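The C-terminal position of the sequence shown is numbered 257 in the numbering used here, with every residue numbered one higher than the one before it.
A virtual CB, placed ideally from N, CA and C, is assigned to each residue, including glycine.
Remember, it's a predicted structure, so these values are computed and weren't measured experimentally.
Below you'll find the structure, written out as structure tokens, and then a few comments.
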Amino acid sequence: TNSHAPSVYIFPPPAEQLALREAATVTCLVKSFNPPDLFIKWLSNGEELNASKYISTQPIQESSQPLLYFAYSTLQISEQEWNAGNTYTCLVGHEKLPLQVTQRTVDKSTGKPTLVNVSLVLSDTNTCY
């Protein structure tokens, strides 16, 4: 089978955007996965955020041989929320991941992504398989 677990990367808001003092966009890139079924959720300080705060793409074909997909999700927050030091976590679920889930977290103090290993029990039923 051509199944492949995704690589997940998180990016803080660009400095150029923060300089405008209007909004902040945190981006999560999910690369090189197959099958194309996955979910992306966002958390702030460990609390799940309402889906109206972020936009995720449908899986997009990245290569044909091997067949791989990518997707990304953008979380819109205010510049004040980012500068307050809140942490933002991109949570990704995919059947080929260990524990079927992984996450990446970023905040202003790191300014760069941190890798946090957390065992999660997903009790919700809206995972797509």
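Given this structure, state the Cα-to-Cα distance separating residue i from residue j, to the nearest angstrom.
{"i": "residue 227", "j": "residue 167", "result": "14 Å"}
{"i": "residue 217", "j": "residue 171", "result": "5 Å"}
{"i": "residue 149", "j": "residue 211", "result": "10 Å"}
{"i": "residue 155", "j": "residue 199", "result": "11 Å"}
{"i": "residue 142", "j": "residue 207", "result": "11 Å"}
{"i": "residue 178", "j": "residue 219", "result": "13 Å"}
{"i": "residue 257", "j": "residue 209", "result": "Here the model assigns residue 257 a pLDDT of 41, short of 50, so the residue's position is not dependable, and the following value carries that caveat. If you take the alpha carbons of residue 257 and residue 209, they lie about 34 Å apart."}
{"i": "residue 144", "j": "residue 180", "result": "24 Å"}
{"i": "residue 193", "j": "residue 146", "result": "39 Å"}
Suppose contacts are defined by Cβ-Cβ distances below 7 Å. Is residue i in contact with residue j by that definition?
{"i": "residue 232", "j": "residue 136", "result": "yes"}
{"i": "residue 133", "j": "residue 236", "result": "no"}
If you drop the 5 nearest sequence neighbours on each side, which residues of the same chain put their C-beta closer than 8 Å to that of residue i?
{"i": "residue 195", "result": "130, 162, 189"}
{"i": "residue 250", "result": "Residue placement at residue 250 is poorly supported in this model, since its pLDDT is 48, which falls under 50; the coordinates still yield a value, given next. Answer for residue 250: 221, 228, 229, listed in chain order."}
Measuring alpha carbon to alpha carbon, tell me which of the options ends up nearest residue i.
{"i": "residue 139", "options": "191, 208, 204", "result": "204"}
{"i": "residue 214", "options": "142, 145, 147, 152", "result": "152"}
Who are the Cβ neighbours of residue i in its own chain at under 7 Å, not counting the five residues just before and after it?
{"i": "residue 173", "result": "214, 215"}
{"i": "residue 197", "result": "161, 162, 164, 187, 188, 189, 190"}
{"i": "residue 176", "result": "169"}
Near residue i, what residues of its chain come up, given a Cβ to Cβ distance below 6 Å and the 5 sequence neighbours on each side ignored?
{"i": "residue 182", "result": "170, 201, 203"}
{"i": "residue 184", "result": "168, 201"}
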